[in-house]
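A.B. asks:
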Amino acid sequence: MNLVRNHVLISIDAGTIMAGARAVEKALVEEIAKQGLADEIAVLETGSVGTVGQGVVIVVYPEGVFYANVTPQDVPQLVEEHLLKGRPLKRLMLTEVPKQSVIKKEKAGLLKEQPRIVLRNCGVIDPEKIDEYIGEGGYLSIGNVLASMKPEEVIEEIKKSGLAGRGGASFSTGMKWDFARRAQGDIKYIICNADEGEPGTFKDRLILEGDPHKLIEAMLLAGYAVGASKGFVYIRGEYALSIERLEKAIAQARDYGLLGINILDSTFTFDIFVMKGAGAYVCGEETALIESLEGKRGHPRNKPPYPVTEGLWGKPTVVNNVETLANVPEIMKNGADWFRGYGTEKCPGTKVYTIIGNVATPGLIEAEMGTTLRDIIYEYAGGIKEGKKFKGALVGGAAGAFLGPDMLDVQMDFVNLKEYAAVLGSGAILVMDENADMVEMLQNVLYFFKHESCGHCVPCRLGTVQLVKLIDRIAVSKGSQEDVNKLLKISDVMRDTSFCPLGQSLYLPISSSLKYFREEIDARIQ
Amino acid sequence: MSCKGGGEILYREAILKKFRPSLDNILYILHDLQDNNPQRYLAKDDIRVCADYLNVPYSYVHSVASFYTMFSLEPRGSNIIRLCDSPPCHLMGSKSLLAYLKEALKVDIGGTTKDGKFTLELTSCLGVCGVAPAMMLNDEMLGNLTPETVDAILDRRRKES
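So the protein sequences, as listed, match chains A and B. Sequential numbering from 1 applies to the first sequence in this note's numbering. Sequential numbering from 527 applies to the second sequence in this note's numbering.
Right under this line is the structure:
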């Protein structure tokens, strides 16, 4: 076998496929063969490399050169120049290369870059090959755990790491597992919540598309710790590629004896099933998701009882977000102390953000907990597009809060943001420049909630309709000061009386937009 | 989507046989029935066979089907356009795009063109915000949309179907 001289990684994710990645891949393979380089150059598929909206992206290793907006027409020249003659093609090179390391919360005084945790393998390995995941140390954690650790010890380690849920609620993962482990019953379940629907969020999709085996390993670890033998991944119906890749990965894991009966010759038995959603934002709420899994309308349940004692089919159930789970194999491999070396005292670890809107380079990043909004926008995302001024950002999705310029330097983590009446939520950061119309933005958020309100409880069902009526009046300059105050009042009542977080969370975008952009909203009144 | 392009027609019974008659398969069964209905919706017959198969009342299946936005209870066109209307796409101009689509297709939201070729729908965040504004045309995601690219997409589809 010949030694491979160059590896050409092509990012195949929903975004790049849209831009024609499959055609470029085909052209690459053909051109490489045509120029007689097939023995020396390997073309490999990988998940998202972290770029967003840059067309088809390929990376040539060992040089680590990133090319963006590649078309099939560019391929002959690219192969000839870079791969045959060894001269990188400047014309297509990406100057702002996405970071493959964690973004630090304090830029100064750091000697070396730390590897990423959640996105470690995204854009590095071929997600459709289990051997590549194993080659990166994958399935090592579950092997070690099954051979030498008790379930209680796994829970202890996760508790010690301080890992908290990344879906928005930031509840201690170790505690959740512990509750489920202690709950009565022989049958228990692990559910991975991949019903990512918070506007502006697509981190779970990119993790699923880029590193599906990591999720399988994490669910194995959770299953072992809790004493469950079945796991379900509930994925949005719109995420076709995620479903395809995860199903492929599950089949491979079964082939390798990593899922099924007596895993790795232990007494542990576990299997995972994929469930495809059908379009309902409320199903991101864990009890609504469970209802949907059981084949019902996705209405949230009363809590308590919490799923850890009475979840799927009334059995103790752990529901964890994709990103939360993606941390687990790394923690079990490197230890809780290592994990605590990232982030802040109260919120250890990293957060994956999707940063979009009026920024120069939108994308997917992994930053330490505690990184400021300013660093994320200006250091990573290249600042505001066309050098315009920052006006505000909607952080945490539609159920998040609008932040004004004076929030740019606040350390962002789950605990700290609460003090400023904001949330980290799903990690979506929608940046708005000086031209953004805040009334329209708020209007859009309220429309969203009106559409997604499931109709189960009165405050949310009626409240969302009233809020839309009010904002519609304000938007066409027919509103009054009283209408503006009513927005706040209605959403306040909804916060106190709605059945589930959907109706409760509307107060946040409304109160925060009034806090930072009241003048602009008032200007529409007269 | 098993039948698309292949032209293979799966009868309702054949679809049902793929799944255990267990309530937790209801979304899968409904997805499959809808995908294989030529008018891309859940007809009364679809709901009836599903209810009989799962041994639940017709009204139960109807209530589930009506809850989820990906299911339609009205006949739709051969192509379904689902324009993303979430805040990121809104910020990047989906509003004017919606007006353009309505005008180009001469339909309102939820409407089907006279020739039965297109149905226009809105969808919540598709998770491709990096290329906003975006939409789905059947199973295909399309981004960085402008009136010009939309025209080209519509033209291509009109010729194909």
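Ideal placement from N, C-alpha and C gives every residue a C-beta, glycine not left out. Source: prediction; values computed, not measured.
(1) In chain A, which residues lie less than 8 Å from tyrosine 584/B when you measure between Cβ atoms?
(2) What would DSSP say about leucine 514/A, mapped onto helix, strand or coil?
(3) With distances taken from CA atoms, which of Asn321/A, Arg87/A, Leu502/A is nearest leucine 165/A?
(4) For asparagine 696/B, which three-state DSSP category applies?
(5) Would you verify that the beta carbon of asparagine 605/B is, or is not, closer than 9 Å to some beta carbon of chain A?
(6) Between glycine 47/A and the rest of its own chain, which residues show a CB-CB distance below 6 Å, the 5 nearest in sequence each way excluded?
(7) Which bits of chain A does serine 650/B rub up against, with CB to CB less than 8 Å?
(8) If you measure from the beta carbon of lysine 621/B to each beta carbon in chain A, is any gap under 9 Å?
(9) For alanine 660/B and leucine 652/B, which I take to be in contact (beta-carbon distance under 8 Å), what is that distance rounded to the nearest angstrom?
(10) Does the contact criterion of 3 or more C-beta pairs under 8 Å hold for the stretch 305 to 317 of chain A versus the stretch 124 to 143 of chain A?
(11) What residue range is occupied by the uninterrupted alpha helix (DSSP H) comprising aspartate 413/A?
(12) Could one say the Cβ of phenylalanine 545/B lies closer than 9 Å to chain A's Cβ atoms, at least one of them?
(13) Which one of Ser513/A, Leu84/A, Arg245/A, Arg236/A has the shortest CA to CA distance from serine 491/A?
(14) Out of Gln77/A, Ala401/A, Phe390/A, Pro307/A, point me to the one whose CA is closest to glycine 185/A's CA.
(15) Could one say the Cβ of tyrosine 579/B lies closer than 9 Å to chain A's Cβ atoms, at least one of them?
(16) Label proline 564/B either buried or exposed according to how many other C-beta atoms from any shown protein chain fall within 10 Å of its C-beta, with 16 as the threshold for buried.
(17) Take isoleucine 391/A and list the residues in its own chain whose beta-carbon comes closer than 7 Å to its own, dropping the five residues that flank it on each side.
(18) Check for me: the beta strand (DSSP E) holding cysteine 460/A runs from which residue to which?
(19) Is it the case that the Cβ atoms of valine 43/A and isoleucine 10/A are separated by a distance below 9 Å?
(20) List the endpoints of the continuous beta strand (DSSP E) containing alanine 393/A.
(21) Where does leucine 110/A land, buried or exposed, given buried means 16+ other C-beta within 10 angstroms?
(22) Alpha carbon to alpha carbon, how far is isoleucine 552/B from glutamine 35/A? Give it in angstroms, no decimals.
(23) Three Cβ pairs or more, each shorter than 8 Å: is that satisfied between the stretch 231 to 243 of chain A and the stretch 81 to 98 of chain A?
(24) Checking contacts by CB at 9 Å: is threonine 645/B closer than that to chain A?
(25) Taking 8 Å as the limit between beta carbons, can you name the residues of its chain near glutamate 196/A, skipping five residues before and five after?
(26) Less than 9 Å separating the beta-carbons of leucine 542/B and valine 575/B?
(27) What does a CB cutoff of less than 6 Å around glutamate 590/A pick up in its chain, not counting 5 residues either side in sequence?
(28) Can you tell me where the alpha helix (DSSP H) with asparagine 530/A in it begins and where it stops?
(29) Output needed for aspartate 74/A: all residues of its chain with C-beta closer than 7 Å, excluding positions within five of it in sequence on either side, in chain order.
(30) Could one say the Cβ of threonine 675/B lies closer than 9 Å to chain A's Cβ atoms, at least one of them?
(31) Using the beta-carbon count (16 or more within 10 Å), is valine 4/A buried or exposed?
(32) Using only the alpha-carbon positions, how far apart do valine 439/A and serine 592/B sit?
C.D. replies: Answer, in terms of the structure:
(1) In the second sequence, the residue the question calls residue 584/B occupies position 58. Per Cβ cutoff of 8 Å: no residues; tyrosine 584/B is ~15 Å from chain A at best.
(2) As a working note, residue 514/A is residue 514 in the first sequence. It is helical.
(3) Locating residue 165/A in the first sequence gives position 165, where the first residue counts as 1. Checking the sequence shown, residue 165/A turns out to be glycine, not leucine. Checking every option, the nearest Cα to that of glycine 165/A belongs to Asn321/A.
(4) Summary: the structure shown does not reach residue 696/B, with chain B confined to residues 527 through 687, and so no result is reported for it.
(5) The count along the second sequence starts at 1 and reaches residue 605/B at position 79. Chain A contact via Cβ: absent.
(6) As a working mapping, residue 47/A is identified with position 47 in the first sequence. For glycine 47/A, where only same-chain residues beyond five positions count, the Cβ hits under 6 Å are Asp13, Cys122, Gly123, Pro127, Glu209, Gly210.
(7) The residue given as residue 650/B occupies position 124 in the second sequence. Residues of chain A passing the Cβ test: Gly197, Pro199, Gly279, Tyr281, Phe448, His451, Glu452.
(8) To locate residue 621/B, count along the second sequence from 1; it is residue 95. Yes - at least one Cβ of chain A is within 9 Å of the one on lysine 621/B.
(9) Residue numbering aside, residue 660/B sits at position 134 when the second sequence is read from its first letter. Residue numbering aside, residue 652/B sits at position 126 when the second sequence is read from its first letter. With 8 Å as the limit, alanine 660/B and leucine 652/B qualify as a contact, their Cβ atoms being about 6 Å apart.
(10) no
(11) Reading the first sequence from its first residue, position 413 is the one you call residue 413/A. First-last for aspartate 413/A: undefined, no H or E at that position.
(12) Along the second sequence, one-based indexing puts residue 545/B at 19. No - not a single Cβ of chain A is within 9 Å of the one on phenylalanine 545/B.
(13) In the first sequence, the residue the question calls residue 491/A occupies position 491. For serine 491/A, the nearest C-alpha among the options comes from Ser513/A.
(14) If you number the first sequence from 1, residue 185/A lands on position 185. Selected option, being the one with the closest Cα: Pro307/A.
(15) Residue mapping note: residue 579/B aligns to position 53 of the second sequence, counting from 1. Taking Cβ atoms only, chain A never reaches closer than 9 Å to tyrosine 579/B, which makes this a no.
(16) Translated into the one-based positions of the second sequence, residue 564/B becomes position 38. The residue in question, proline 564/B, is exposed, as its Cβ has fewer than 16 Cβ neighbours within 10 Å.
(17) As a first step, residue 391/A is located in the first sequence; it is residue number 391 there, counting from the start. It is lysine, not isoleucine, that sits at residue 391/A in the sequence shown. Correct list, in chain order: Met432, Asp433, Glu434, Ala436.
(18) Here residue 460/A corresponds to residue number 460 of the first sequence, with the count starting at 1. Premise fails: cysteine 460/A lies in the alpha helix (DSSP H), 458 to 475, not in any beta strand (DSSP E).
(19) The residue given as residue 43/A occupies position 43 in the first sequence. The residue given as residue 10/A occupies position 10 in the first sequence. The answer is yes: Cβ separation under 9 Å.
(20) Sequence index remark: in the first sequence, residue 393/A carries index 393 (1-based). Its beta strand (DSSP E) spans residues 390 to 395.
(21) Position 110 of the first sequence, counting from 1, holds the residue named residue 110/A. Residue confidence is low: leucine 110/A scores 37 on pLDDT, short of 50, so the model does not pin down where it sits. Its coordinate-derived value is still stated next. By the 10 Å Cβ count, leucine 110/A comes out exposed.
(22) Counting from one through the first sequence, the residue named residue 35/A turns up at place 35. Counting from one through the second sequence, the residue named residue 552/B turns up at place 26. Cα to Cα, the separation comes out at about 52 Å.
(23) no
(24) Mapped onto the second sequence, residue 645/B falls at position 119. Taking Cβ atoms only, chain A never reaches closer than 9 Å to threonine 645/B, which makes this a no.
(25) In the first sequence, the residue the question calls residue 196/A occupies position 196. So the qualifying residues of the chain are Phe202, Lys203, Asp204, Arg205, Arg236, Tyr239, Gly284, Val322, Ser426.
(26) As a first step, residue 542/B is located in the second sequence; it is residue number 16 there, counting from the start. As a first step, residue 575/B is located in the second sequence; it is residue number 49 there, counting from the start. Yes, the pair counts as a contact, with Cβ atoms nearer than the cut-off.
(27) With chain A covering only 1 through 526, there is no way to say anything about residue 590/A.
(28) Because residue 530/A is not part of the residues shown, which for chain A are 1 to 526, the question remains open.
(29) Counting from one through the first sequence, the residue named residue 74/A turns up at place 74. Cβ neighbours of aspartate 74/A beyond the five flanking positions: Leu92.
(30) By one-based count along the second sequence, residue 675/B stands at place 149. No, threonine 675/B does not count as interfacial toward chain A.
(31) Counted from its first residue, the first sequence places residue 4/A at position 4. Exposed.
(32) The residue given as residue 439/A occupies position 439 in the first sequence. The residue given as residue 592/B occupies position 66 in the second sequence. The straight-line gap from Cα to Cα measures roughly 32 Å.
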